[in-house]
Ligand SMILES: Cc1cc2nc3c(=O)[nH]c(=O)nc-3n(C[C@H](O)[C@H](O)[C@H](O)COP(=O)(O)OP(=O)(O)OC[C@H]3O[C@@H](n4cnc5c(N)ncnc54)[C@H](O)[C@@H]3O)c2cc1C
Ligand code: SF4
């Protein structure tokens, strides 16, 4: 297997175009997939030297553009980023282990393969590996989706995508042409064979965040089966802004529950105008109860209905500093 190390985007795209080569960023997922036989052997284009993918740029309007090779650790530790985008920094801080955060990149995180154990075991075929069925659906899907959107039942794996969805962020993708698309459009629940919509040969160049909101409060929480080095069963992130004691802006997103990260517009609408406190009113409580209506559990994932509600409540209470919680 050959590895090339282009120094600019033009060369990287040329080496990926029609060659079957795979781009590598931090390599924390790609290397494991190639070693385990989850992916067919293929030449690797190492993106580490591609200068256009590096760096954090602050735009004249105060928004940030993050190069795809920005590491998870940089997202967690950069004080200016953490001040402007606290929900993203909080999510990055909780992700994986220090070693993984140090190597893993923003682009690679958004484009990693899902964690389904059938997919990760080359002995099984499924939609993702050229097969025509999903063995997890009728098999062991304990960590599967609770919002069943299509043939594949593996939850979306990227924690950063959940936070970026809460920011309505967008990504710049280069290939035959250059495209800007919303993070929400990077994933398609109905496509059973793919974890994201990028075509072979395309490179995720950068992520664009919105202009920061002054006074934003944020929280990220995850429920896991063990205390560290684990993907979450359910994760939730929230951003809220208060004005004169009431919520003037709310964004709430969840992961681990569906094929894509999800925004929760019902909860956001109920929160807007609410006064934080031990009793934030029936509308918010009703919107949390209504999360059950979103769910269509598989036989083994019913536990995620309550877990999602509890995790969302937890992030809201933390972000709003509800007393006595
Ligand atoms: C113990 C452990 C726990 C973890 N827990 C979590 C967790 O809680 N949440 C979470 O989100 N992740 C978690 N991860 C996954 C980890 O975050 C990902 O492996 C990592 O983010 C992938 O980034 P990378 O730069 O190493 O990508 P790579 O492994 O280099 O690439 C991943 C995929 O993206 C493609 N790719 C990479 N960059 C680009 C680009 N710029 N353009 C086009 N394609 C590209 C590659 O071809 C490959 O298919 C965990 C990993 C481990 C080992
Ligand atoms: S289709 Fe999805 S859930 Fe089913 S086995 Fe493949 S990756 Fe797993």
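Numbering (this note's numbering), first residue to last: 5 to 329.
Think of the CB as a built atom: it goes at the ideal place given N, C-alpha and C, for glycine as much as any other residue.
Rounded to the nearest whole angstrom, the CA to CA distance from residue 120 to residue 280 is 39 Å.
Counted as a single uninterrupted DSSP element, the alpha helix (DSSP H) harbouring residue 272 occupies residues 269-275. The residue among 182, 117, 246, 277 with its C-alpha nearest the C-alpha of residue 198 is 117. In the DSSP assignment, residue 296 falls within the alpha helix (DSSP H) that extends over 295-298.
Placement of the Cβ of residue 104 at a distance of less than 7 Å from at least one heavy atom of ligand 1 is found. Residue state for residue 99 is assigned as coil, using DSSP reduced to three classes.
Taken in chain order, the complete alpha helix (DSSP H) segments of 4 residues or longer contained in the stretch 109-188 are 110-115, 139-142, 163-170. Using a C-beta cut-off of 8 Å, the stretch 227-243 makes no contact with the stretch 196-216, since fewer than three inter-stretch Cβ pairs fall below that distance. Proximity of the stretch 249-256 to the stretch 136-151 falls short of the contact definition, fewer than three beta-carbon pairs being nearer than 8 Å. The closest heavy atom of ligand 1 lies less than 7 Å from the beta carbon of residue 207.
Using a cutoff of 7 Å, the CB of residue 141 counts as near ligand 2, since one of the ligand's heavy atoms is closer than that.
Counting along the chain, residue 87 sits inside the alpha helix (DSSP H) bounded by residues 83-88.
Beta bridge pairing from DSSP links residue 71 with 210.
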